[in-house]
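Positions -27 to -1, 1 to 509 (mature numbering (1 follows the signal peptide of the UniProt record, and there is no 0)) are the ones given, in order, by the sequence shown. In what follows, a single structure is set out as structure tokens and then discussed.
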Amino acid sequence: MTKNAVVPLVRLAGIGILTLQQTAVAALEKISTTWPQEVADTGGIHEISKLIVQDDPEPSLELWEAAALTLSNILRFNVEYYNRVPLLVLARMLQSTFDSTIKVALNALLVRDRADESSAEQMVEAGVVDALLDLLRSHHCEEISGRLLEALFNKNRVREMKITKFAIAPLAQYLLDPQTTSETCKLLAALALGDLSQQEGHARSSDSVTACRALVSLLEDQPSEEMTMVAVCALQNFVMHSRTNRRAVAEAGGILVIQELLISPSADVAAQAAVLIKLMFSNQSLQEYVSTELVRSLTAALEREFLSAATMNIRILRAINVVFTNFAKLHASEAATLCIPHLVTALKSDNEAAQSCALDTLCVLKDSWSAMPVDIAKSQAMMTAEAVPVLQSLSKACPTGTYDKADALLRCLPGCLTVTIKRGNNLKQANALCQLTIGNSPQRQTKVVSNNSSPEWNESFTWAFDVAPRGQQLSIVCKSKGTFGKTTLGRVSVRIDRVVTDGMYNGVVTLTNDATKDDTSITLEIEIVWANTTSE
């Protein structure tokens, strides 16, 4: 057969008469391997494409496969021919029983998708998605099919097409299928589900429950870090707006799986697992699945990140905050108590977001102290008291909302009030001493300094309090000790409230004495410190 026969054979291929088409295609199938360019240049792509989508009369399977094989021979010769083939034809070619034909069509579709993003929607309308899902189900050309499917679903305009939500169940079943063994193919299917989950309507669909179970199953197999990240992020989207999906993940054993991911060597995996935990427990619907072990895992993740990178992971902190905010039953647990030092560390960091989140969480725990067993509440308060200095610092320079929280927390913490009497000025008499009282606490007294009307004591006195002594006053009475007893030189009262907030008062106070009319002021130089430990 010569090249001269190509033109008439091409014309017969699209004529619509099955007997003539059978003869022409049988010849063109052979010619296309030798002279593919000649067949293409004489209109072969157009005519054979007509046959592939011909419905009346419908060609036999044998004739159809021969036509598809002939077209694939032409396309394999020159990739520039890909653009000449209608998308509907390429979609039909995916139904071939020959892998070689399918691969050519898939390659052509991938090239078209990269070259023109708008073609993706046309591919969906042409039935490409259904054909790709069929290929995955039958485990034919899985990798390239998965790659094209993910490329299509990665486009927002495609995801907005209602028909694409029907791909969720087949993709989930593909992941659950024991015959799906390729890690690459699993990754592509998980990516495709992740793409679809970005569309809220798809994420809420009834089929998304199966997707959640499939993704949890994927994580149970301890996949690569990349696949783990893909599966976790997809689950985040699925559970974000759906209580049903949250419960599906929990019932599939997802909570334990995610807990293990929290202590992953990968900081990125741990952070995304924390985000998923935050979404899972964003309300109180999963009471039976929240546990102290979850708190321990979150705490361990927070500690590991700090030890390895000296940073506080805000995602983990937010997950801890959500868990404590929504599940008060955990507040009195040992796990909650052991978490407090790490929250205090976060509060001491330079990260404002971490500080704010840690402060919120400590306030949540603080609000439960009155309902806890006394020993547990006291233990938590003592641990939180390590944050007193930073809380005082936050109270001095922070937004009003943060100030209110820091101040409220300070009011509930134990600490020590240390008063230092430094010296007196113009006391008029010698042999002076000072007596100090706070509320109903026992009176404290300085030593007597003889023969000096401006004595220097430099004596410190410390009171320990279970909670900050708000509303109380420090009363100082200065007296002179003589032969016939003690004479009051003056007295002063100092409010403690500001000291608790500011941390320290250092200054001069003026004593008053109603019994004397001397206008000369009598003063004391004092220092008052509120701290979580005894001042040296």
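Ideal placement from N, C-alpha and C gives every residue a C-beta, glycine not left out. Nothing here was measured: the structure is a model prediction, and the numbers come from that model.
If contact is defined by three or more beta carbon pairs under 8 Å, each pair taking one atom from either stretch, is the region 254 to 264 in contact with the region 294 to 301?
yes
Pick from N51, E94, N486: whose alpha carbon is nearest that of K135?
As a position in the sequence shown, residue 135 is number 162, starting the count at 1. Considering only alpha carbons, the answer is E94.
How far does the beta strand (DSSP E) with Y478 in it extend, from its first residue to its last?
By 1-based counting over the sequence shown, the position of residue 478 is 505. Here the beta strand (DSSP E) through Y478 covers 477 to 484.
Quick one: using the 10 Å Cβ neighbour count with 16 as the cut-off for buried, is G480 buried or exposed?
Reading the sequence shown from its first residue, position 507 is the one you call residue 480. Exposed.
By the DSSP assignment, the alpha helix (DSSP H) with N80 in it spans what residues?
Position 107 of the sequence shown, counted from the start, is the residue given in the question as residue 80. First-last of the alpha helix (DSSP H) with N80: 72 to 88.
In chain order, what residues of the same chain lie with their CB nearer than 8 Å to the CB of I313, ignoring the 5 residues before and after it?
The sequence position of residue 313 within the sequence shown is 340, counting from 1. Closer than 8 Å at the Cβ level, and outside the excluded window around I313, lie L335, L338, Q353, M356, T357.
Using the Cβ count rule (16 or more neighbours within 10 Å means buried), how would you classify K452?
Translated into positions along the sequence shown, residue 452 becomes position 479. Buried is the call here.
Alpha helix (DSSP H) containing T496: first to last residue?
One-based indexing of the sequence shown puts residue 496 at position 523. Looking at the DSSP string, T496 is not in any alpha helix (DSSP H); the run it does join, the beta strand (DSSP E), is 495 to 504.
Using CA atoms only, rank isn't needed, just tell me which of L63, R291, S111 is closest to I18.
Locating residue 18 in the sequence shown gives position 45, where the first residue counts as 1. Cα-wise, what sits closest to I18 is L63.
Apply the 10 Å Cβ neighbour rule to P151 and answer buried if 16 or more other Cβ atoms are within range, or exposed otherwise.
What you label residue 151 is simply residue 178 of the sequence shown in a count that begins at 1. Flag for P151 reads exposed.
Cβ-based neighbour list, D86, same chain, cut-off 8 Å, excluding 5 preceding and 5 following:
One-based indexing of the sequence shown puts residue 86 at position 113. The answer, listed in chain order, is S92, A93, M96, L121, A124, L125.
Among the candidates S427, E432, M200, whose CA atom is the shortest distance from the CA of T419?
Indexing the sequence shown from 1 puts residue 419 at position 446. Out of S427, E432, M200, E432 has the C-alpha closest to the C-alpha of T419.
Am I right that M213 and A176 are in contact with their C-beta atoms under 8 Å? What's the rounded C-beta distance?
Numbered from 1 along the sequence shown, position 240 holds the residue referred to as residue 213. Numbered from 1 along the sequence shown, position 203 holds the residue referred to as residue 176. 7 Å between Cβ atoms; contact.
Do you know how far the Cα of T435 is from the Cα of S414?
Counting from one through the sequence shown, the residue named residue 414 turns up at place 441. Counting from one through the sequence shown, the residue named residue 435 turns up at place 462. So the two alpha carbons sit approximately 11 Å from each other.
Using a threshold of 9 Å, state whether the C-beta atoms of T460 and L383 are closer than that.
To locate residue 460, count along the sequence shown from 1; it is residue 487. To locate residue 383, count along the sequence shown from 1; it is residue 410. No.
Buried versus exposed, by CB contacts within 10 Å (16 or more), W503:
Here residue 503 corresponds to residue number 530 of the sequence shown, with the count starting at 1. W503 should be labelled buried.
Which of the three DSSP states is assigned to W430 in this structure?
Along the sequence shown, one-based indexing puts residue 430 at 457. Looking at W430 - three-state DSSP - the assignment turns out to be strand.
Go ahead and label L1 buried or exposed: buried means 16 or more other beta carbons lie within 10 angstroms of its beta carbon, across all protein chains shown.
Counting from 1 along the sequence shown, the entry for residue 1 is found at position 28. Classification of L1: buried, given that the 10 Å Cβ count is 16 or more.
So, using beta-carbon positions, are M66 and V77 closer together than 9 Å?
For the purposes of this step, residue 66 is taken as the residue at position 93 of the sequence shown. For the purposes of this step, residue 77 is taken as the residue at position 104 of the sequence shown. Cβ atoms of M66 and V77: closer than 9 Å.
In the DSSP output, what is G388 paired with across the bridge?
If you number the sequence shown from 1, residue 388 lands on position 415. Answer is F438, bridged to G388.
Going by C-alpha to C-alpha distance, which of I231, Q27, S22 sits closest to S45?
Here residue 45 corresponds to residue number 72 of the sequence shown, with the count starting at 1. Per the Cα distances, S22.
Tell me whether E509 is buried or exposed, calling it buried when 16 or more other Cβ atoms sit within 10 Å of its Cβ.
Along the sequence shown, read from residue 1 onward, the residue named residue 509 stands at position 536. Low per-residue confidence applies at E509: pLDDT is 47, beneath 50, and the placement is therefore not dependable, though the value from the model is reported in the following sentence. With fewer than 16 other Cβ atoms within 10 Å, it is exposed.
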